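I have placed the structure first, in the form of structure tokens, so that the comments after it can refer back to it.
Residue numbers (my numbering): 13 to 100.
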């Protein structure tokens with residue numbers, strides 16, 4: 013199970029890097045959607061979210077002390093794109 017979670021975290025960091033290197037709107041939105049998918053997958057794999065060795069990773073993606081979490085920013089960017097605001 014830990015190998016699956018580690019692979020998902022690896023995919024998330026890879027998608028973050030790819031998102032930063034997007035060259036056009038299509039690449040950007042596809043990578044945002046893939047990042048959202050992998051965040052959902054990570055959430056599904058964790059049984060006890062606030063305890064265990066992945067608690068800090070979970071909190072870095074889904075929790076925040078102020079403003080929006082990383083997950084919220086991804087969802088807001090996808091929603092913003094749907095309403096016609098293009099990043100490029």
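Idealized CB from N, CA, C, for every residue including glycine.
Small disclaimer: the values here were computed from a predicted structure and weren't measured.
With contacts defined by Cβ atoms closer than 9 Å, residue 83 and residue 21 do not form a contacting pair.
Taking a 10 Å sphere around the C-beta of residue 54, we find 16 or more other C-beta atoms and assign the residue as buried.
The closest CA to that of residue 73, considering only 15, 29, 48, 34, is found on 48.
Contact between residue 86 and residue 38 does not hold, since their C-beta atoms are separated by about 17 Å, which reaches or exceeds 8 Å. Residue burial is scored here from C-beta neighbours: residue 51 has at least 16 other C-beta atoms within 10 angstroms and is therefore classed as buried.
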